[in-house]
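Written below as structure tokens is the structure these notes are about.
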Amino acid sequence: VSVSRRLAAATRPSDLVARISGDEFVVLCEGLLDEQVALDVAERIRTSITGPLVLQGVEIEAGASVGVAMSTPELLASESAADAAVTLLRSADTAMYRAKQRGRGRSELYSEEMRTAARERLQLSSELEQALAAEQFSVLFQPIESAHTGRVVAAEALLRWNHPTRGLLAPAAFLDLADESGLIAPIGDWVLEQSAHTVAQWINDGIVDRSMSIHVNASRRQLSDITFVDRALTILRNNGLEGSQLVFETSESNLVENNPSVLRTVTALKRQGVRIAVDDFGSGYSSLASLRTFPADLLKLDGTLVRDVGRTDGGDDPMVRSLIQLAHSLNLLVCAEWVTTEDHVQRLKVLGCDLLQGNRIGEPINSTEFSEKLRRRVSQQLEQ
Numbered sequence: 010v011s012v013s014r015r016l017a018a019a020t021r022p023s024d025l026v027a028r029i030s031g032d033e034f035v036v037l038c039e040g041l042l043d044e045q046v047a048l049d050v051a052e053r054i055r056t057s058i059t060g061p062l063v064l065q066g067v068e069i070e071a072g073a074s075v076g077v078a079m080s081t082p083e084l085l086a087s088e089s090a091a092d093a094a095v096t097l098l099r100s101a102d103t104a105m106y107r108a109k110q111r112g113r114g115r116s117e118l119y120s121e122e123m124r125t126a127a128r129e130r131l132q133l134s135s136e137l138e139q140a141l142a143a144e145q146f147s148v149l150f151q152p153i154e155s156a157h158t159g160r161v162v163a164a165e166a167l168l169r170w171n172h173p174t175r176g177l178l179a180p181a182a183f184l185d186l187a188d189e190s191g192l193i194a195p196i197g198d199w200v201l202e203q204s205a206h207t208v209a210q211w212i213n214d215g216i217v218d219r220s221m222s223i224h225v226n227a228s229r230r231q232l233s234d235i236t237f238v239d240r241a242l243t244i245l246r247n248n249g250l251e252g253s254q255l256v257f258e259t260s261e262s263n264l265v266e267n268n269p270s271v272l273r274t275v276t277a278l279k280r281q282g283v284r285i286a287v288d289d290f291g292s293g294y295s296s297l298a299s300l301r302t303f304p305a306d307l308l309k310l311d312g313t314l315v316r317d318v319g320r321t322d323g324g325d326d327p328m329v330r331s332l333i334q335l336a337h338s339l340n341l342l343v344c345a346e347w348v349t350t351e352d353h354v355q356r357l358k359v360l361g362c363d364l365l366q367g368n369r370i371g372e373p374i375n376s377t378e379f380s381e382k383l384r385r386r387v388s389q390q391l392e393q
């Protein structure tokens, strides 16, 4: 109701405002012939929605992504009124998803280029449904090192899709599709199962001890699912692992949105010893004040902050130092991502960073290669 009121206040009396799904609304504006004017209206609507909102007695931070589609004489001449309405709605929906892909909280105007991309996206979505059954997914592991001891204390599980014609695809190419379709649940469970099984094998082989933890990414949809906690704990239990050996990494946007469902799930996971990391911290979403209330254990500094650390002109050293000090004051550990040079390693240690991850520490590799490298590394450390 609050969103509907905000939309009504931001539009003209003659405009039609309708809710078409749980969190999607459509606004029909007649007489808008200029694309820039339409985008201005879209921005006004988006701004009106953005801000605190009370949902079921809990205050959350609302935001919106807006897609804009313009009717044309050619469209009306080639399709019936009903078909043209469906085409417009589909086009606006495509533009909205483009806005989400580009970082959310923005407006996008539909274009023909988007239509081509949407067609390819639909094809990829269809192929994604078959990928799990066809065993086209694999998991790579990237080491996470303690900045204090130099030991590998964790590994992040990184999903890859071995697509039959497009080659090896990173999650950025398909995870949004998986999230929208609901496939993120079975895919996420599969990644966790593979990761837990692998860590258990490393422990049984004596390559690592039980302090070794695995980092697995979790989306908002997964964390909003009431069955997620039980499924995750069952997978851990079946592989002989404890909750403390699992770290779920979630996006920075979850930190500020204060979603009640996400908070409930995260709290339930933490009660079982599972730790929570805020991924890509510093990439643009966060309110620092949210760190005080979101039940995180670890901040992963975004690579855009880390890449300039250690430069002769100081780079981002002051900002990174301040973030590390703030995190430590809140009893949070800090992991730096994108650590690619020895200068990064040495400077981040001086700045007080706790954990290091990036190609300088180790590139993502399959479980067999990871265990072999880890075995050699442990042998070298014992010889020193």
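For the sequence shown, the numbering used here gives the first residue as 10, with consecutive numbering after it. Yeah, the Cβ is synthetic: ideal placement off N, Cα and C, and Gly gets one too. It should be emphasised that the depicted structure is a prediction, and the values quoted were computed from it without experimental measurement.
Distance between residue j and residue i (C-alpha atoms, nearest Å)
i	j	result
Ala187	Gly215	36 Å
Glu284	Ala93	The sequence shown places Arg at residue 284, not Glu. So the two alpha carbons sit approximately 50 Å from each other.
Ala143	Ser222	29 Å
Ala19	Arg53	7 Å
Ile374	Ile153	13 Å
Ala127	Phe146	23 Å
Glu44	Ala101	13 Å
Val95	Leu16	22 Å
Ser220	Asn213	13 Å
Met79	Ala90	14 Å
Gln3	Ile193	Coverage of the chain is limited to positions 10 through 393, which leaves residue 3 absent and any answer about it impossible.
Ala27	Ala47	18 Å
Ser23	Gly40	10 Å
Lys358	His157	7 Å
Thr350	Asn368	8 Å
Glu346	Leu360	14 Å
Gly176	Gln334	42 Å
Val168	Trp211	Correcting the residue type first, residue 168 is Leu in the shown sequence and not Val. Distance between the alpha carbons of Leu168 and Trp211: 19 Å.
Val200	Gly159	27 Å
Leu178	Arg124	22 Å
Pro61	Gly72	9 Å
Ser57	Ala164	42 Å
Thr243	Glu258	19 Å
Leu391	Arg385	10 Å
Residue i (DSSP reduced to helix, strand or coil)
i	result
Asn226	strand
Phe290	strand
Phe150	strand
Arg330	helix
Ala164	strand
Ala305	coil
Asn213	helix
Glu33	strand
Trp347	coil
Ile370	coil
Val283	coil
Delimiting residues of the beta strand (DSSP E) encompassing residue i
i	result
Phe257	Leu255 to Thr259
Ile69	Val67 to Ala71
Arg28	Leu25 to Ser30
Ser116	Ser116 to Leu118
Leu398	Nothing about residue 398 can be read from this structure; the chain reaches only from 10 to 393.
Option nearest residue i by Cα separation, candidates the options
i	options	result
Leu341	Leu141, Asp322, Leu364 and Val162	Leu364
Asp317	Val348, Ala164, Gly249 and Ser30	Val348
Glu138	Ala298, Ile196 and Val46	Ile196
Ser260	Thr243, Val225 and Gly361	Val225
Leu371	Leu383, Leu42 and Leu339	Strictly speaking, residue 371 in this sequence is Gly, with Leu absent from that position. Comparing Cα-Cα distances from Gly371 to each of Leu383, Leu42 and Leu339, the minimum goes to Leu383.
Ser111	Glu136, Leu84, Ser134 and Val75	Residue 111 is actually Arg in this sequence, not Ser. Per the Cα distances, Val75.
Phe303	Asp311, Ala336 and Gly319	Ala336
Ala205	Ala181, Asp218, Arg246 and Pro180	Arg246
Asp289	Phe34, Asp218 and Leu310	Leu310
Leu264	Gln203, Ala140 and Ser299	Ser299
Residue i vs residue j beta-carbon contact at 9 Å
i	j	result
Tyr106	Val77	no
Gln254	Val208	yes
Trp170	Phe150	no
Leu278	Ala241	yes
Arg229	Ser262	yes
Val36	Leu25	yes
Thr276	Asp234	no
Val329	Leu308	no
Gly319	Gln366	no
Arg21	Cys38	yes
Ser376	Val148	yes
Pro269	Val67	yes
Ile29	Leu133	no
Where the alpha helix (DSSP H) through residue i begins and ends
i	result
Pro61	Unbroken run through Pro61 is the beta strand (DSSP E), Gly60 to Leu64; no alpha helix (DSSP H).
Ser135	Glu121 to Ala140
Phe183	Premise fails: Phe183 is in no alpha helix (DSSP H) and is neither H nor E.
Ser270	Pro269 to Arg280
Glu88	That residue, Glu88, is in no alpha helix (DSSP H); it is neither H nor E in DSSP.
Glu144	Taken as a continuous stretch (DSSP letters only), Glu144 belongs to no alpha helix (DSSP H), as it is neither H nor E.
Arg315	This sequence places Val at residue 315; Arg is not what is there. Segment Gly312 to Val315, the alpha helix (DSSP H) holding Val315.
Val354	Glu351 to Leu360
Leu425	Look at the range of the chain in this structure, 10 to 393, and you will see that residue 425 is not part of it.
Val12	Ser11 to Ala19
Cβ-heavy atom distance, residue i to the ligand GDP, below 8 Å
i	result
Thr276	This structure simply doesn't include the ligand GDP, nor any ligand for that matter.
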